[in-house]
Each structure stands twice: as structure tokens, then as C-alpha cells.
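Asks: Here it is: the structure, laid out below.
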Amino acid sequence: MKTLSECFYISAGRDLQKEYFSKTSTNTHCYPIFSNSLDNKGLYGYTSHPRYKAGSITITGRGMLGVAEYRKIDFDAIVRLLVLFPKLNITGQLITEYINFKKPFYFECTGVPQLTAPQIANIQIPIPPLEEQKKIAEILSTWDEAIEKQSKLIEKLELRKQGIMQRLLTGRTRLPSFTTPWQKVSYSEILKEIKRNMIWNDNEEYDLISVKRRSGGLFHRDKLLGKDIKTKNLRPAHIGDFLISKMQIVHGASGLVTKEFDGMKISGSYIALVAKDKNKTDINFINWYSKTPHFYHQTYVSSYGVHIEKMTFDLNSFMSMNMKIPSFIEQKAIVNLLNTIDKEINIQIKKLETLRTQKRGLIQQLLTGKTRVKF
Numbered sequence: 003m004k005t006l007s008e009c010f011y012i013s014a015g016r017d018l019q020k021e022y023f024s025k026t027s028t029n030t031h032c033y034p035i036f037s038n039s040l041d042n043k044g045l046y047g048y049t050s051h052p053r054y055k056a057g058s059i060t061i062t063g064r065g066m067l068g069v070a071e072y073r074k075i076d077f078d079a080i081v082r083l084l085v086l087f088p089k090l091n092i093t094g095q096l097i098t099e100y101i102n103f104k105k106p107f108y109f110e111c112t113g114v115p116q117l118t119a120p121q122i123a124n125i126q127i128p129i130p131p132l133e134e135q136k137k138i139a140e141i142l143s144t145w146d147e148a149i150e151k152q153s154k155l156i157e158k159l160e161l162r163k164q165g166i167m168q169r170l171l172t173g174r175t176r177l178p179s180f181t182t183p184w185q186k187v188s189y190s191e192i193l194k195e196i197k198r199n200m201i202w203n204d205n206e207e208y209d210l211i212s213v214k215r216r217s218g219g220l221f222h223r224d225k226l227l228g229k230d231i232k233t234k235n236l237r238p239a240h241i242g243d244f245l246i247s248k249m250q251i252v253h254g255a256s257g258l259v260t261k262e263f264d265g266m267k268i269s270g271s272y273i274a275l276v277a278k279d280k281n282k283t284d285i286n287f288i289n290w291y292s293k294t295p296h297f298y299h300q301t302y303v304s305s306y307g308v309h310i311e312k313m314t315f316d317l318n319s320f321m322s323m324n325m326k327i328p329s330f331i332e333q334k335a336i337v338n339l340l341n342t343i344d345k346e347i348n349i350q351i352k353k354l355e356t357l358r359t360q361k362r363g364l365i366q367q368l369l370t371g372k373t374r375v376k377f
């Protein structure tokens, strides 16, 4: 066991060198600048004069504290991002993995929470023999490569899905054997609002659901006793209800109640719509259509308010707007295809989760000395 100060020179990122700064990478400004952000591993821009050497570790000292990244090339660090440069012959990737796994830091919350060099200097870390370090890093790198490949595959599948959705849900591309023209209808012709009453009980526990702001879809928000819920304007939601949020609708906040949400409760902030004729309109098609840019635009122009984050949804305005819809059989076929694509993506997401779980298990064994590697 050694302290970080025994193993590394520890410093903090300084002010941005504006005279050497570029927002984009060029032939001269080819060295990355990192800040305390977690987005894109903290990349802020590029510099022609890096102040820190490759092989260093950075640790976020503000915002989301204590997140480590191994830096493979020379770089610059700003906004008090902590920089650790090895004093000893140490495999930096290994220490980075240990820090992110063990999360050994503590800090005093005085004003804005932050980590400083003195706070982390005496943190102890296990240092295996150098050859063992290299072997462990090699093993973990194998999982990192697999995780990266799997992540890129999922990104490609998501992009492919978006392209297929845009073409199929607008009629630009037709499925084989379908030639019947699409019909232009208003939402009021195919959808209707549904309201249900609920008997309130202060001692009963209620599952509340909400609509995700940006990506759409539902999530289980809370499980609360009636007496702990501020509003008693709750209603049950059932399978087939298409929910639209009255607030912040500019983000396209809508979603379909499926089996896992059946019977859960929604507040008065949500509108529940159902198909007027279930033999002519597949509510699943409407749900998929709600993920298109055209639907987002319609919900935006159907909202009113002074501040964009506090705009309120006007149902009457929305229901008067139009969409093009195919025959019921073609709706079903499109929904089935998109559901199949979604299932494929979910399978790949589960594979990614499995790889990450496997890596966490390896870290638990290898970086604590519970399991030793042979070399």
C-alpha cells in the first residue's frame, strides 16, 4: 500500500491559455484540453502548448467528484482538474480503474463541493508488482475493447432505427405489398381523451409514473403513501393509454402505458388519450409516430407560455392538427417491424451490460488482490 503522493506528483489544472486555444483540432492545435466535465471524457478544446505529459491521470475535482481518466497523450488541464503524474514505474491505466472502482475519496462540503490535491495526497492504493500491473491492465483492456465495440454497434443500430422510423412513419418508404394511399386525418378524428376517477385513501400506497422529458417513454417515478402525496388529483392509467405531459411539452414528452405500468397513477399534469376505434387506429403506431420530429413540432406549437421551460400544452390546439396515417393492416406491419428492431437493440444493450458486469467482477478480484494473475 502506498499513498497517492508517494506514487504521483499531484497538481491542479490552471486557467485556460487563451493565446494557444482552439475549439477544433488542427495541425498546430492538436493537444486536447480537459476540464471537470464528464461529457466526452472532459474534452474542452485543443491547445498548441500542452502543460501535462502523457501517462498522467486526471481526477475531477468539481461537479461529479473523483472520476478518473487515463490520458494517453500530452494535454492541458483547466478549471482545477486534478492531474497525477507518476513518480514511480506504475501502470496508470490500472490505478485509474482502481480509483473509479473503489471511489476512495472523501471531502468536506463547505460551499461548492470540490476535491483538492491535499485532500487526496494521503489516500492509499494497492500497488502490485510492475509485471502484475501490466498483466492486469492487459486483461482489463480486453474487456474495454469489447465494451467499446459493443457500444459502437448499439450507436449504429440506433441510427439505423431512426432512419427507418423517419421513412416508414411518414410514408416515404412503403413496406412490400402495401399500395393503399395514406389518409390525412386530424388527431381528433382518431384519438379521444379519457378521464378516470379514483377513490383516495391516505393509507394506501400508490405507484406514480411520469413521462421522460427528452427521449419519450414512461418511468416509475415514486411509490408513496397517499398522505405523503402533495396532489390528490390522481387517476389510474391502463394499457393502451397514450400519455402527453401538459408541462414542458416542448421536449416531446409522451409515452404509451404498457403492461409494466398498468394500473399505476398519473397526476393532473398528464393527458391520457386512447384510440377512438381500435380496429382502425393502432395506438402503438401513434406512440412510434410521437418520436418523429414532426410530432415534436406539433406539440411545441400547441403549447403556450412566456418561458420555454414552463409552457403548457393546449389539447384542443393539438387535436385540431393533422397527420397522415396508413391502413390499419399497414400500421400493424410497421409497428411489428419497429418492435423487432427495438428487440434487436435491447439484446445488444443486455450484452453490453453483461460485459460491464464482467469487468466489474474482474476489477473486484484483480484490483484488491483477491485473485492473483500468473505472468
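Numbers given in our numbering equal positions in the sequence shown, counted from 1, plus 2. Glycine residues also receive a C-beta, built at the ideal position from the N, C-alpha and C atoms.
1) Tell whether a beta-carbon distance below 8 angstroms holds between residue 73 and residue 60.
2) Using only the alpha-carbon positions, how far apart do residue 240 and residue 355 sit?
3) Whether or not the region 12-30 and the region 124-140 are in contact is what I'm after, with contact meaning three or more pairs of Cβ atoms, one per stretch, closer than 8 angstroms; do they touch?
4) Taking 8 angstroms as the limit between beta carbons, can you name the residues of its chain near residue 3, skipping five residues before and five after?
5) State the DSSP-derived secondary structure class of residue 249, mapped to helix, strand or coil.
6) How big is the Cα-Cα spacing for residue 327 and residue 157?
7) Return the first residue and the last residue of the beta strand (DSSP E) that residue 146 is part of.
8) Per DSSP, which residues does residue 181 bridge with? Please list them.
9) When you compare only the Cα positions, how much space is there between residue 41 and residue 180?
10) State yes or no: is the C-beta of residue 357 nearer than 7 angstroms to some heavy atom of the ligand FMN?
11) Quick check on residue 308: buried or exposed, where buried means 16 or more other Cβ atoms within 10 Å of its Cβ?
12) Take residue 138 as the anchor and find which of 171, 23, 163 and 96 has the nearest alpha-carbon.
13) At least one CB of chain D closer than 8 angstroms to the CB of residue 231: is that the case?
14) Are three or more beta carbon pairs between the region 297-306 and the region 315-335 nearer than 8 angstroms?
15) If you draw a straight line from the alpha carbon of residue 11 to that of residue 358, how long is it in whole angstroms?
16) Using CA coordinates, which residue listed in 75, 246 and 255 is at the minimum distance from residue 272?
Replies: From the atom records:
1) As a first step, residue 73 must be located in the sequence shown, where it is residue number 71. As a first step, residue 60 must be located in the sequence shown, where it is residue number 58. Yes, they are a contact pair.
2) Counted from its first residue, the sequence shown places residue 240 at position 238. Counted from its first residue, the sequence shown places residue 355 at position 353. Counting only the Cα atoms, residue 355 lies some 30 angstroms from residue 240.
3) Taking 8 angstroms as the limit for Cβ pairs, the verdict is that the region 12-30 does not touch the region 124-140.
4) Counted from its first residue, the sequence shown places residue 3 at position 1. Excluding sequence neighbours, residue 3 sits near 126, 127, 128 and 129.
5) If you number the sequence shown from 1, residue 249 lands on position 247. Reduced to three states, the DSSP call for residue 249 is strand.
6) As a first step, residue 327 must be located in the sequence shown, where it is residue number 325. As a first step, residue 157 must be located in the sequence shown, where it is residue number 155. Rounded to whole angstroms, residue 327 to residue 157 spans 29 angstroms at the Cα level.
7) Residue mapping note: residue 146 aligns to position 144 of the sequence shown, counting from 1. Element bounds for residue 146: not the beta strand (DSSP E) but the alpha helix (DSSP H), 132-170.
8) Taking the first residue of the sequence shown as position 1, residue 181 is located at position 179. Note: residue 181 sits in no beta bridge, so no partner.
9) As a position in the sequence shown, residue 41 is number 39, starting the count at 1. As a position in the sequence shown, residue 180 is number 178, starting the count at 1. Spanning the two alpha carbons is a distance of roughly 44 angstroms.
10) The ligand FMN is not part of this structure, which contains no ligands at all.
11) Your numbering for residue 308 matches position 306 in the sequence shown. Interpretation of residue 308 is limited by its pLDDT of 49, a score under 50 that renders its predicted location unreliable; the figure taken from the coordinates is listed afterwards. Counting of Cβ neighbours within 10 angstroms places residue 308 among the exposed residues, the total staying below 16.
12) Taking the first residue of the sequence shown as position 1, residue 138 is located at position 136. Closest by alpha carbon: 96.
13) No chain D appears in this structure, which consists of one protein chain only.
14) Enough Cβ pairs lie closer than 8 angstroms, so yes.
15) Within the sequence shown, the letter at position 9 stands for residue 11. Within the sequence shown, the letter at position 356 stands for residue 358. Cα to Cα, residue 11 sits roughly 31 angstroms from residue 358.
16) Along the sequence shown, read from residue 1 onward, the residue named residue 272 stands at position 270. Nearest C-alpha to residue 272: 246.
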